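Number of protein chains: 2
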Amino acid sequence: MDYVKDGAEIYRRSFATIRAEAALDGLPADVAGVCVRMIHACGMTDLPADLRYSDDVVAAARGALRAGAPILCDAKMVASGVTRSRLPADNEVLCLLDDPRTPDLARDLGTTRSAAAVELWRDRLEGAVVAVGNAPTTLFHLLERLDAGWPRPAAIFGLPVGFIGAAESKEELARDPRGVPFLTLLGRRGGSAMAVAALNAAADPKE
Amino acid sequence: MDYVKDGAEIYRRSFATIRAEAALDGLPADVAGVCVRMIHACGMTDLPADLRYSDDVVAAARGALRAGAPILCDAKMVASGVTRSRLPADNEVLCLLDDPRTPDLARDLGTTRSAAAVELWRDRLEGAVVAVGNAPTTLFHLLERLDAGWPRPAAIFGLPVGFIGAAESKEELARDPRGVPFLTLLGRRGGSAMAVAALNAAADPKE
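Residue numbers (this note's numbering), protein chains in the order written: chain V, 13 to 219; chain A, 13 to 219.
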């Protein structure tokens, strides 16, 4: 079979295809870099139309990571996908979904485990980088806690996926990011692979 | 904020939305179940048009897993996403990308690490369930080895994503599955979240 076997060449051609097809022109250069990696992770060049972001989101996330900030993830797949060699300060990558306290918190608060795990972020949230790649309830719960005066993360990559609450939670993040730099994709699309791609690109400008 | 917080209700409404919107009618019931979970993982109800499969792929994968077959994955995110509680026989979930032998194999074979890791599958491949959620070169390399007479897996979930080789490798799998039950999605779309969703659905019929 005839196919490209050189990893570096595959990357080069992939990113060239994406940059040729995707409408990246209106985006700040560093946000475009993040969007290219998100497109690379899902195979769809039409993401820019649904992308919403603060102009400073990549700078804020990158600066926080350089200063040693942890990455708080809603799902184990997100935590698993972060490329450790791209992290500038051997940053901690945390997913607390399986913490033994999470099921009790979920019951007490009457919400999902994914939302309840946010309660365990509180002490780490100040200046952290947040990545939501699965559960709309995680993002909703975080926004509620920010409204209640919780410490502010450095940046939120809000990319939950699906049919119930995903579009609404991302619209709320884009409508009022509560003063926190953010990046999101309106609508149903999102997911762990896309959140990981955004994080990996924000962590390190290298394509 | 007003949103659904009951996890079971979120699942129920999500799957109801998917079943109402997606054109699942032509699919065997068990393949439809897999497709519903794939749609759930990516937020796109138009997957059925691009889905290709053997009618027996879910039965073959489920039977193999019940008999204790390992799951061979191309990417750590895929391995990480498999819900262990859905596996019927505490099945092993393997990703050999980081095996110390993989870089040397990649150099010797003049291919990617993702393809080279397939070499390390050989002793485990007979009757295994294969999940490719990232690299087209993994799928191409596996098909080449099957053509060379390697042992046959029980089923291949071939869902690499992207711009260079993804569409071509999946088309080749669909064109001639080499007698191995398979499921794939034509075109550029795919990815680790979709591969995980397919695996989790094949492992356990529970929605």
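We put the beta carbon where it would ideally sit given N, CA and C, even for glycine. All figures in this text were calculated on a predicted structure; none of them were measured in a lab.
Please name the residue or residues paired with V/Gly170 in a DSSP beta bridge.
Numbered from its first residue, the first sequence carries residue 170 of chain V at position 158. Paired residue(s): V/Val144 and V/Thr196.
Taking Cβ-Cβ distances shorter than 7 Å, what residues in chain A pair up with V/Ser92?
Counting from 1 along the first sequence, the entry for residue 92 of chain V is found at position 80. Residues of chain A passing the Cβ test: Lys88, Met89 and Ser92.
Do A/Leu155 and A/Glu184 have their beta-carbon atoms positioned less than 7 Å apart in this structure?
Looking up residue 184 of chain A in the second sequence gives position 172. Looking up residue 155 of chain A in the second sequence gives position 143. It is a contact, given that the beta carbons lie within the stated cut-off.
Out of curiosity, what's the CA-to-CA distance linking V/Trp125 and A/Ala160?
For the purposes of this step, residue 125 of chain V is taken as the residue at position 113 of the first sequence. For the purposes of this step, residue 160 of chain A is taken as the residue at position 148 of the second sequence. The displayed chain sequence assigns Arg, not Trp, to residue 125 of chain V. About 47 Å.
Note the first and the last residue of the continuous alpha helix (DSSP H) segment covering A/Val90.
By one-based count along the second sequence, residue 90 of chain A stands at place 78. A/Val90 -> alpha helix (DSSP H) spans Lys88 to Gly93.
Under 7 Å, Cβ to Cβ, is there at least one residue of chain A near V/Lys17?
On the first sequence, position 5 is the one that residue 17 of chain V refers to. So yes, V/Lys17 belongs to the interface.
Cβ-based burial, V/Glu21 [other Cβ within 10 Å; buried from 16]:
Looking up residue 21 of chain V in the first sequence gives position 9. Per the 10 Å Cβ criterion, exposed.
If the cut-off is 8 Å on Cβ atoms, which residues from the stretch 167-189 of chain A count as contacting chain V, listed in chain order?
Val173, Gly174, Phe175, Ile176, Gly177, Ala178, Glu180, Ser181 and Glu184
Which one of V/Ala118, V/Leu171 and V/Cys107 has the shortest CA to CA distance from V/Leu195?
Locating residue 195 of chain V in the first sequence gives position 183, where the first residue counts as 1. That would be V/Leu171, whose Cα lies nearest to the Cα of V/Leu195.
Note down, in chain order, every chain A residue with its Cβ under 9 Å from the Cβ of V/Glu156.
Stepping through the first sequence from its first residue, residue 156 of chain V is reached at position 144. Met13, listed in chain order.
So if I threshold CB-CB distances at 9 Å, which residues from the stretch 52-71 of chain A count as touching chain V?
His52, Ala53, Cys54, Gly55, Met56 and Thr57
Short CB-CB distance (under 7 Å) between A/Arg49 and chain V:
Working through the second sequence from its first residue, we reach residue 49 of chain A at position 37. For A/Arg49, the answer is no, since every Cβ of chain V falls outside 7 Å of its Cβ.
Chain V beta carbons: is any one of them nearer than 7 Å to that of A/Ala129?
The residue you call residue 129 of chain A lines up with position 117 of the second sequence. A/Ala129 does not count as touching chain V.
Should A/Arg2 be flagged as near chain V, meaning a C-beta pair shorter than 7 Å?
This structure gives no information on residue 2 of chain A, because the portion of chain A shown stretches from 13 to 219.
Contact set between V/Val208 and chain A, taken where Cβ atoms lie within less than 8 Å
Position 196 of the first sequence holds residue 208 of chain V. Here the neighbours are Met89.
DSSP three-state call for A/Ile176: helix, strand or coil?
Working through the second sequence from its first residue, we reach residue 176 of chain A at position 164. The answer is coil: DSSP assigns A/Ile176 none of H, G, I, E or B.
DSSP beta-bridge partners of A/Arg164:
If you number the second sequence from 1, residue 164 of chain A lands on position 152. In DSSP, A/Arg164 forms no bridge with anything.
Tell me where the alpha helix (DSSP H) around A/Leu229 begins and ends.
Residue 229 of chain A lies beyond the residue range present for chain A, which begins at 13 and ends at 219; the question has no answer from this structure.
Please name the residues in the stretch 96-120 of chain V whose beta-carbon is closer than 7 Å to at least one beta-carbon of chain A, in chain order.
none
Is the stretch 199-213 of chain A close to the stretch 54-71 of chain V, with three or more CB pairs under 8 Å?
yes
Against chain V, which members of the stretch 27-40 of chain A pass a CB distance test of less than 8 Å?
Thr29 and Ile30
What does the alpha-carbon distance come out to for the pair V/Ala215 and V/Ser66?
Here residue 215 of chain V is taken as the residue at index 203 of the first sequence, counted from 1. Here residue 66 of chain V is taken as the residue at index 54 of the first sequence, counted from 1. Taking the straight line from one Cα to the other gives about 16 Å.
Spatial neighbours of V/Val48 within its chain, please: C-beta separation below 8 Å, excluding the five flanking residues on both sides.
Along the first sequence, one-based indexing puts residue 48 of chain V at 36. Contacts found: Phe27, Ile30, Arg31, Ala34, Leu36, Ala213 and Glu219.
Relative to the alpha-carbon of V/Pro240, which residue among V/Ala73, V/Val70 and V/Leu39 has its alpha-carbon at the smallest distance?
Chain V is shown only over 13 to 219; residue 240 of chain V falls outside these bounds and no answer can be derived.
Does the beta-carbon distance from V/Leu211 to V/Ala143 come in below 7 Å?
One-based indexing of the first sequence puts residue 211 of chain V at position 199. One-based indexing of the first sequence puts residue 143 of chain V at position 131. For V/Leu211 and V/Ala143, yes; Cβs fall inside 7 Å.
Contacting positions in the stretch 130-164 of chain A - beta carbon closer than 9 Å to chain V
Gly145, Asn146, Ala147, Pro148, Thr149, Phe152, His153, Leu155, Glu156 and Asp159
For A/Asp111 and A/Asp14, I'd like the C-alpha separation in whole angstroms.
Position 99 of the second sequence, counting from 1, holds the residue named residue 111 of chain A. Position 2 of the second sequence, counting from 1, holds the residue named residue 14 of chain A. C-alpha separation (whole angstroms): 47 Å.
What in chain A is Cβ-close to V/Thr196, meaning under 7 Å?
Numbered from its first residue, the first sequence carries residue 196 of chain V at position 184. Simply none; closest approach about 13 Å.
Endpoints, beta strand (DSSP E) assigned at V/Leu106
To locate residue 106 of chain V, count along the first sequence from 1; it is residue 94. From DSSP, the beta strand (DSSP E) with V/Leu106 extends over Val105 to Cys107.
Should A/Ser97 go down as buried or exposed, given a rule of 16 or more other Cβ atoms within 10 Å for buried?
Within the second sequence, residue 97 of chain A is the residue found at index 85, counting from 1. Its Cβ having fewer than 16 others within 10 Å, A/Ser97 is exposed.
What are the residues that DSSP puts in a beta bridge with V/Leu84?
Stepping through the first sequence from its first residue, residue 84 of chain V is reached at position 72. V/Leu84 pairs with V/Leu106 and V/Val142.
Which residues in the same chain have their Cβ closer than 8 Å to the Cβ of A/Arg134, if we skip the five residues on either side of it in sequence?
Working through the second sequence from its first residue, we reach residue 134 of chain A at position 122. Around A/Arg134: Arg157, Trp162 and Pro163.
So, helix, strand or coil for A/Thr57, using DSSP?
Along the second sequence, read from residue 1 onward, the residue named residue 57 of chain A stands at position 45. Residue state, collapsed to three classes: coil.
Step through the CB atoms of chain A and report whether any lies within less than 7 Å of the CB of V/Ile83.
For the purposes of this step, residue 83 of chain V is identified with residue 71 of the first sequence, where counting begins at 1. False, the Cβ-Cβ gap to chain A never drops below 7 Å.
Does the beta-carbon of V/Arg119 have 16 or more other beta-carbons within 10 angstroms, so that it is buried, or is it exposed?
Residue mapping note: residue 119 of chain V aligns to position 107 of the first sequence, counting from 1. Classification of V/Arg119: exposed, given that the 10 Å Cβ count is below 16.
Which of the three DSSP states, helix, strand or coil, is assigned to V/Met206?
Your numbering for residue 206 of chain V matches position 194 in the first sequence. V/Met206: helix per DSSP, three-state reduction.
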